[in-house]
Every structure is written in C-alpha cells, then in structure tokens.
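See below for the structure under consideration.
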Amino acid sequence: MKRQLVIIGNGMAATRLAQTLAARADGAFHITIIGDEPCQAYNRIQLSPVLGGEKTLAQTLLLPAQWYQQHDVTVRTGERVEAVDVRAQTLRTARGELRWDELIFATGSQATIPPLAGAGLPHVYAFRTFADVEAILAIGGPAVVIGGGVLGVEAAAALRRSGDEVTLLHRGEWLMEQQTDAFAGQQLQSQLEARGIGCVMACRIAAIRERDVVLKDGRTFAASRVVLATGVRPNIELAQRSGLECRRGIVVDRQMATALPGVSAIGECCEIDGRTWGLVAPCLRQAEVLAARLCATPGADFSWQDSGTRLKVTGIELFSAGELLADERDEQWTSWDPLAQHYRRLLLRDGKLRGVLLLGDCANAAPLTAQLGTSAPPEWLFDPSSTQPRAAGQITMTKPVLVLIGHGMVGHHFLEQCVSRNLHQQYRIVVFCEERYAAYDRVHLSEYFAGRSAESLSLVEGDFFTDNGIELRLSEPVAAIDREARVVRDAHGHETHWDKLVLATGSYPFVPPMPGHDLDGCFVYRTLDDLDRIAACASGAKRGVGDWRRPAGSGGRPMRSSSWDWKLTWWSLRRT
1 MKRQLVIIGN
11 GMAATRLAQT
21 LAARADGAFH
31 ITIIGDEPCQ
41 AYNRIQLSPV
51 LGGEKTLAQT
61 LLLPAQWYQQ
71 HDVTVRTGER
81 VEAVDVRAQT
91 LRTARGELRW
101 DELIFATGSQ
111 ATIPPLAGAG
121 LPHVYAFRTF
131 ADVEAILAIG
141 GPAVVIGGGV
151 LGVEAAAALR
161 RSGDEVTLLH
171 RGEWLMEQQT
181 DAFAGQQLQS
191 QLEARGIGCV
201 MACRIAAIRE
211 RDVVLKDGRT
221 FAASRVVLAT
231 GVRPNIELAQ
241 RSGLECRRGI
251 VVDRQMATAL
261 PGVSAIGECC
271 EIDGRTWGLV
281 APCLRQAEVL
291 AARLCATPGA
301 DFSWQDSGTR
311 LKVTGIELFS
321 AGELLADERD
331 EQWTSWDPLA
341 QHYRRLLLRD
351 GKLRGVLLLG
361 DCANAAPLTA
371 QLGTSAPPEW
381 LFDPSSTQPR
391 AAGQITMTKP
401 VLVLIGHGMV
411 GHHFLEQCVS
421 RNLHQQYRIV
431 VFCEERYAAY
441 DRVHLSEYFA
451 GRSAESLSLV
461 EGDFFTDNGI
471 ELRLSEPVAA
481 IDREARVVRD
491 AHGHETHWDK
501 LVLATGSYPF
511 VPPMPGHDLD
521 GCFVYRTLDD
531 LDRIAACASG
541 AKRGVGDWRR
551 PAGSGGRPMR
561 SSSWDWKLTW
571 WSLRRT
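Note that the UniProt record's numbering numbers the sequence shown so that position 550 is 550, with each residue one more than the last.
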C-alpha cells in the first residue's frame with residue numbers, strides 16, 4: 001500500500017522533492033502537494049523577466065501537467081492549510097481533512113513589509129509571487145521601487161523596460177551592499193541611471209501616499225504604483241501553530257527532520273544550525289537529501305558551499321560569492337576596465353581565496369567559486385588577457401594605464417571623448433607622438449605656406465593635457481610593442497606598461513618608386529615638419545617640381561584652384 005506523503009507548499013523545493021522521489025521510488029508514495037497560489041509551480045527567480053515582458057508565466061512553469069499524472073502526484077492549487085494535527089497525522093483545509101504518513105513543510109518565505117505610513121494602500125505591492133507581478137503590471141504610470149537589494153534592482157530594471165518612469169529608493173550607501181563593495185555598487189548605479197532609472201541612496205521614507213512617495217527630507221517622487229523589495233522572512237506561522245520548534249525558521253537537522261516523527265521541512269522556511277537559506281540551489285539540495293532519507297537510503301548530511309548570487313538583469317552581469325567585508329588582515333586584489341566596464345575583486349585571507357566579486361565579465365564565476373577556500377597565488381586567479389590586477393592588499397585601486405600611440409586629428413578626438421566620459425579620471429593616459437607638434441588641423445595644412453602659424457592650426461585647447469592629467473610625450477616614436485609583457489618600448493629603450501593600448505598611427509605618404517626620390521631636396525608633404533623643410537629649402541631654390549594626385553571625379557582633366565585641392569606626394573626643389 002502506498003504511503004501518503006503530503007507537501008505543504010508548491011514552490012521549487014517542493015517540486016524538486018516530488019521529482020526526486022519519483023526518480024528514486026516511483027510508486028512508493030502517493031504524493032499530494034498543497035499550494036496557496038492558484039497556478040502550477042513556476043521558477044520564482046524568473047519573475048523579473050516576466051515583470052519586464054521578456055517571458056510569460058507559461059515559460060517559467062517547472063513541469064508539464066502530464067508529469068504529475070504519470071507519477072501519481074496530486075496538486076491542489078489555490079488551497080491553504082489551516083491547521084495540522086501532528087498526533088492524529090491529519091491536516092485541514094477549506095476543502096476538508098487529509099491524512100498523511102509523512103508531512104513536509106516547504107512553505108518558503110514571505111515578503112517583509114516595513115512599518116511605513118501608507119504601506120497598506122491598494123497600489124503598494126510586494127514582489128514575491130506571480131499574482132504580485134500581474135497586479136503591478138495592471139497599473140501604468142510612474143513606479144517607485146523601495147529597496148536596493150537584488151530583488152529591488154531586478155524589479156526596477158524590469159519595470160523600466162516598459163518605458164515608464166522608475167525611481168529606486170534605497171536606505172544604504174550603495175546598491176546591493178550585501179553582495180557588492182562601494183565601487184561595484186556605484187558602478188551598478190551608474191548603469192541603471194544610464195537606462196533612465198532614478199536612483200536615490202541613503203534615504204529615509206516618511207510616507208507612501210496615493211500619488212507619490214515622500215522622503216523625510218521633503219523630496220517627493222511620483223508613484224502610481226509602489227513595489228516593496230525590502231527582504232523576506234521564513235513562512236513559519238503554520239509550523240508554530242502546529243507545535244514545531246521554530247526560531248527564525250523551522251528547526252531541522254541535517255537530514256531535514258524536525259523533532260516530531262514523520263515531519264520534515266525543506267527550503268527557505270527551514271533552519272539548520274541557526275542558519276536559513278534564501279537561494280534556490282541549497283533549497284534544491286535539501287530536497288534531494290530528504291528524498292534519500294524517505295526512500296530509506298539516506299546519504300550524506302546536508303552541507304553547502306556558497307555558490308554565489310547572480311543579478312538577473314538583461315545586459316548587466318554581476319556575481320558575488322563568499323566573504324564581502326574585509327578587515328586589516330585581508331588582501332584585496334582588484335582590476336577595473338573603464339572602457340569595457342569590467343570590475344573584479346578577489347578577497348584573500350591567510351593566503352586562501354575567500355571572496356569573489358565580478359561586474360561586467362562573469363565568465364569565470366564558476367571556476368573562481370570552485371577555488372573558494374583554496375590557496376592560489378592571486379595572479380593565477382586573473383585571466384592573463386584581462387586588465388591586470390592592481391593594489392595588492394589595498395582598499396584603493398591604482399589606475400590602469402591607457403597608452404595611445406599617435407596624436408593626430410583622430411587621436412586627439414579620441415582623447416576628447418575620453419575626457420567627456422571621465423575616463424581620464426579612471427585611467428592614467430599616456431600619449432606617444434612621433435612629431436614635435438601636438439595634434440593640428442591637417443586638412444588646412446596648406447595654409448601654413450600662406451603664413452598661418454602652427455599654433456593657429458593646433459587642435460589642443462588651452463592646458464588640455466595639464467588640466468586633465470594626461471601625459472603627452474612629443475617626439476617620442478614607439479619602436480616596439482610587446483603584447484605578452486604588455487609594454488611599449490620607445491626609441492631609447494624605455495618601457496611603458498599598458499592595460500589598454502590604442503593605435504591611432506594614421507598613414508604615411510606614398511612615394512613613387514622612381515629614381516632620385518631619395519635625393520637631397522626631395523620631400524614628402526604630410527606634416528608640419530615636412531612643410532618646414534620644404535620652406536627652408538625653397539628659400540634658396542629657383543625651381544620646384546611637384547607630383548600631384550588629382551581628386552576622385554576629376555576625370556583626369558587639369559584643374560585650377562588658388563587653394564590646395566591636390567595631394568602632394570613629393571616635391572623636388574633645385575638650386576640653379
């Protein structure tokens with residue numbers, strides 16, 4: 001005769017338990033799952049994409065309906081357990097009484113509602129269930145999200161995808177302070193603001209009103225809907241009424257058993273050795289440990305190594321695992337690539353990797369997490385092709401070095417764009433210029449012969465380099481680039497390290513391979529130095545010969561112009 005196994009809760013841990021029992025002992029149990037939500041079990045961590053319109057509820061369902069039929073699993077949706085009689089091994093719902101041989105609490109967590117004035121207004125919602133998402137989406141207009149943790153950031157980003165005005169209010173100094181340091185939190189804020197999300201840090205809320213949210217400093221933010229992302233707490237009320245030992249969660253051992261026979265608990269509602277879990281992966285592992293015990297083949301006790309937290313916002317990659325806060329004995333190795341917006345911080349304690357924080361490039365999240373607790377030289381933990389680690393043992397970071405080779409019109413425009421994006425504050429920028437003049441207007445170079453000065457042709461305004469902390473090395477050609485060592489070498493053999501290398505070396509003039517092109521008095525016409533040499537020689541010459549290249553579209557016809565419409569490839573001057 002099949003044993004009656006009842007699971008209270010229809011979330012991800014409950015579904016994994018049913019799946020594992022079906023795989024291990026199909027037919028040994030008649031499983032009944034009772035869930036208070038009106039729909040089948042879905043992937044709760046995909047609620048943000050549903051809110052943002054990237055997925056539908058159907059795309060987040062954990063199992064097809066036929067699976068439950070095939071494995072004798074009854075799911076009672078939209079039904080709440082009102083009472084449990086542990087001695088009689090029965091429970092009661094609005095539909096009647098149900099007997100059980102094994103009872104599992106998988107009641108999960110519920111949203112924490114802060115004691116704010118107006119928190120009970122009809123346009124204020126938690127962000128925990130599919131019903132919450134439907135209610136939030138049913139109202140248009142500006143939205144305010146309260147809480148800048150993982151859930152709040154995801155909710156704000158999802159709401160912004162609809163095009164509505166979104167403001168994210170957070171009482172902390174930076175976003176996701178449980179998973180990020182100040183630098184990563186600030187960079188995350190910048191990325192959200194670039195999407196049009198207003199972010200307000202270190203704020204205190206005075207009240208939620210019908211059309212806005214008001215802060216204690218008097219600032220107000222329009223809100224036709226307010227989303228509370230202020231944390232969760234284990235859902236233990238039914239367990240407490242049923243006589244189970246509860247602290248923060250339902251107390252269980254490492255085989256997921258409570259102190260009462262036949263009663264177990266898994267997932268976010270349970271507590272082991274004073275700890276609860278809010279991530280999916282450990283909850284699924286708990287379901288597997290319990291399934292093994294229920295099938296009379298108990299395996300290893302539940303244990304868990306931190307697998308990290310990953311932000312689920314399209315276009316923003318952020319991952320954090322292990323220790324976050326450092327003390328004076330810890331080493332912190334960091335790298336920051338302002339162009340790619342990639343940040344990495346590794347925390348080492350006693351020579352072992354204890355914390356990983358990645359923003360932008362999270363490709364190495366899994367291998368780095370696997371090395372938590374192991375001894376590895378910090379340089380091994382960085383991809384050699386990425387920005388090199390800096391500032392060992394320091395909280396502050398040394399600026400990475402950006403080397404620009406070439407300071408012509410394009411090179412200088414690149415520098416201006418760097419300054420406009422504040423990259424000069426995040427990089428130490430070094431510019432190598434082969435010429436003795438800083439960037440100048442090459443298009444109007446011919447006017448130099450008409451008396452225009454080199455200063456008037458210059459593209460550099462005022463003290464551009466001094467004001468912006470950019471190092472310009474004039475008359476410094478680069479002789480070699482060592483990509484493996486990441487250095488450039490000048491003509492004197494001096495080396496400069498780079499984290500980013502930009503080539504703006506322009507082009508050289510074409511010199512026809514005709515006899516005599518390398519004689520004294522033959523010149524190319526490309527730079528101010530070329531023009532100075534031509535002028536110096538012309539002062540004592542009586543005849544000049546030029547090889548001109550006609551502009552495209554001239555059809556080969558001679559053209560006359562008082563200005564320089566031609567490109568001079570070489571010029572020969574002779575004294576007679």
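Glycine is no exception: its CB is placed at the ideal position from the N, C-alpha and C atoms.
Between residue i and residue j, is the Cβ-Cβ spacing less than 8 Å?
i: Leu439; j: Gly408; result: With the sequence shown as reference, residue 439 is identified as Ala, and Leu is not the correct amino acid for it. A contact, by the Cβ cut-off of 8 Å.
i: Val356; j: Leu348; result: no
i: Leu61; j: Ala291; result: no
i: Thr276; j: Gly249; result: yes
i: Leu63; j: His30; result: no
i: Ile34; j: Val81; result: yes
i: Glu476; j: Cys433; result: yes
i: Val419; j: Asn364; result: no
i: Leu103; j: Gly315; result: no
i: Gly267; j: Cys246; result: no
i: Thr107; j: Gly9; result: yes
i: Arg3; j: Asp101; result: yes
i: Val431; j: Asp499; result: no
i: Ala83; j: Arg241; result: yes
i: Arg329; j: Ser335; result: no
i: Arg209; j: Gly118; result: yes
i: Leu121; j: Leu51; result: no
i: Leu168; j: Leu188; result: no
i: Val478; j: His412; result: no
i: Thr309; j: Gln179; result: yes
i: Val153; j: Leu294; result: no
i: Cys203; j: Arg225; result: no
i: Glu471; j: Ile534; result: no
i: Thr56; j: Glu79; result: no
i: Ala222; j: Val214; result: no
With H, G and I counted as helix, E and B as strand and the rest as coil, what does DSSP make of residue i?
i: Val410; result: helix
i: Gly11; result: coil
i: Tyr440; result: strand
i: Thr334; result: strand
i: His71; result: coil
i: Arg171; result: coil
i: Ala41; result: coil
i: Cys522; result: strand
i: Tyr508; result: coil
i: Ile33; result: strand
i: Ala18; result: helix
i: Thr309; result: strand
i: Arg390; result: Any reading at Arg390 needs caution, since the residue's pLDDT is 45, under 50, leaving its predicted position unreliable; the model's value is listed next. Here Arg390 sits in strand by DSSP.
Out of curiosity, what's the CA-to-CA distance linking residue i and residue j?
i: Arg285; j: Leu260; result: 22 Å
i: Thr369; j: Gln89; result: 43 Å
i: Thr112; j: Arg233; result: 6 Å
i: Ile146; j: Gly351; result: 39 Å
i: Val144; j: Val75; result: 36 Å
i: Met1; j: Ile45; result: 38 Å
i: Ala25; j: Ala340; result: 51 Å
i: Ser507; j: Leu353; result: 48 Å
i: Leu17; j: Ile139; result: 37 Å
i: Arg128; j: Ile205; result: 21 Å
i: Arg526; j: Pro509; result: 7 Å
i: Asp181; j: Leu116; result: 28 Å
i: Asp520; j: Tyr448; result: 22 Å
i: Leu457; j: Lys216; result: 56 Å
i: Arg219; j: Arg99; result: 56 Å
i: Ala321; j: Gln371; result: 11 Å
i: Leu423; j: Val488; result: 21 Å
i: Ser303; j: Ala257; result: 14 Å
i: Gln305; j: Asp273; result: 15 Å
In the DSSP output, what is residue i paired with across the bridge?
i: Asp253; result: Note: Asp253 sits in no beta bridge, so no partner.
i: Leu472; result: Val431
i: Val263; result: Leu103
i: Ala480; result: Arg489
i: Ser458; result: Tyr440
i: Glu97; result: Arg92
i: Ile534; result: Paired residues: none, contrary to the question.
i: Leu501; result: Val403
i: Ala111; result: Val232
Report whether the distance from the Cβ of residue i to the nearest heavy atom of the ligand MG is below 7 Å.
i: Arg76; result: Here there are no bound small molecules, and the ligand MG is not part of this structure.
Cβ contact (3+ pairs, closer than 8 Å) linking the segment 145–161 and the segment 185–195: Cβ pair count under 8 Å is three or more, so yes.
Inter-stretch contact (C-beta, 8 Å, three-pair minimum) for the segment 65–72 and the segment 125–133: Contact fails: fewer than three Cβ-Cβ distances are below 8 Å.
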